[in-house]
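Data first, discussion second: the structure below is written as structure tokens.
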Amino acid sequence: MIRNKNNSEHYRWGDNCSGWFLVYTPELSVIEELMPPNTAEKEHYHQFAQQYFEIKSGIATFKIEEEIIEVPSGSGIHIPPRTKHCIFNNGKSDLKFVVISQPNIRGDRIEAPFH
1 MIRNKNNSEH
11 YRWGDNCSGW
21 FLVYTPELSV
31 IEELMPPNTA
41 EKEHYHQFAQ
51 QYFEIKSGIA
61 TFKIEEEIIE
71 VPSGSGIHIP
81 PRTKHCIFNN
91 GKSDLKFVVI
101 SQPNIRGDRI
111 EAPFH
């Protein structure tokens, strides 16, 4: 089946951010996400899942462990399992990206503060 935002399950997260489940199986999730300007997610890591973020529009700012990395539109970044990270939209326009997680991150998210 051809998938896009119009025929996929939508959800809200964070401060008015949106996600659409394009693929959602135990082995894999592919989610299209939109973050309005001046939004961020909470720092976290995944015990088992690796993730790849492909930036479609805007500039994503990531905190990965203690490093700050800007990822422009048309580029992506890989986050290995057990790597503390979060994404920010510090720009003036919407940030649009696709995040691929393998395996699915359901029940695999550990949020700060870390023990």
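Numbering follows full-length UniProt numbering, in which position 29 of the sequence shown is assigned residue number 29; successive positions increment by one, without gaps. Glycine included, C-beta positions come from ideal geometry on N, C-alpha and C.
Residue from the options with nearest C-alpha to residue i
{"i": "E111", "options": "K84, N104 and S101", "result": "K84"}
{"i": "D15", "options": "V71, E41, R106 and I2", "result": "E41"}
{"i": "H44", "options": "V30, P80 and N6", "result": "P80"}
{"i": "E27", "options": "I77, S101, I2 and S75", "result": "S101"}
{"i": "E65", "options": "S8, N6, N7 and F114", "result": "F114"}
Residues bridged to residue i [DSSP beta-bridge criterion]
{"i": "S29", "result": "Y24 and S101"}
{"i": "M35", "result": "L95"}
Where residue i sits in the DSSP three-state scheme
{"i": "K63", "result": "strand"}
{"i": "K42", "result": "coil"}
{"i": "K56", "result": "strand"}
{"i": "N89", "result": "strand"}
For residue j and residue i, the rounded distance between their alpha carbons
{"i": "I87", "j": "N4", "result": "23 Å"}
{"i": "Y11", "j": "S29", "result": "14 Å"}
{"i": "F53", "j": "N89", "result": "14 Å"}
{"i": "G19", "j": "W13", "result": "8 Å"}
{"i": "E67", "j": "H78", "result": "14 Å"}
{"i": "I55", "j": "M35", "result": "11 Å"}
{"i": "R82", "j": "I2", "result": "32 Å"}
{"i": "P103", "j": "T39", "result": "26 Å"}
Residues near residue i by beta carbon distance below 6 Å, same chain, minus five either side
{"i": "S57", "result": "S73 and K96"}
{"i": "I105", "result": "H46 and A49"}
{"i": "D108", "result": "H46, Q47, F48 and A49"}
{"i": "Y24", "result": "none"}
{"i": "I69", "result": "F62"}
{"i": "G59", "result": "For clarity, residue 59 is Ile in the given sequence; the question names Gly instead. These residues qualify, in order along the chain: E70, P72 and G91."}
{"i": "E9", "result": "F21"}
Own chain residues within Cβ distance below 7 Å of residue i, not counting five before or after
{"i": "residue 116", "result": "Since the displayed the chain opens at 1 and closes at 115, residue 116 lies outside it and no answer follows."}
Cut-off 8 Å between Cβ atoms - residues of its own chain near residue i, not counting five sequence neighbours on either side
{"i": "C17", "result": "E33, L34, M35, P36, T39 and E41"}
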